[in-house]
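Enquirer:
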Amino acid sequence: MIKLSKNGDISHLQKLTSVQNPICGMWGVSGSWDCVILDATPSFHAIAQLRNAIQEASDIERIETSAVLDRY
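Note that the sequence shown covers residues -2 to 69 in the working numbering.
#1: Among the residues of its own chain, which have a CB less than 7 Å from the CB of residue 36, if the five just before and after it don't count?
#2: With hydrogens ignored, establish whether the beta-carbon of residue 50 is closer than 8 Å to any heavy atom of the ligand ATP.
#3: Can you give the Cα-Cα distance for residue 52 and residue 66, rounded to whole angstroms?
#4: Could you tell me the alpha carbon to alpha carbon distance between residue 13 and residue 3, rounded to whole angstroms?
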């Protein structure tokens, strides 16, 4: 979940070409957050790489990550 700063632009996040793991979905949302990104990463290291790429892509105020370790 991503909160953009006042100068942040969600359209910059759509150009995340430096990320090796494919992004499964990206949504602009209303409320406390501005954007939600769904990604199927193989490791916590890959999550860290994605977070770094997001921070480089736009002016970010806050990022919160939630991991799903198993799915049924």
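Using N, Cα and C, we set each Cβ at its ideal position, and we do this for glycine too. Being a predicted model, the structure only gives us computed values, none of them experimental.
Expert: In terms of the structure at hand:
#1: 18, 20, 21 and 47
#2: This structure does not include the ligand ATP; it has no bound ligands of any sort.
#3: 24 Å
#4: 20 Å
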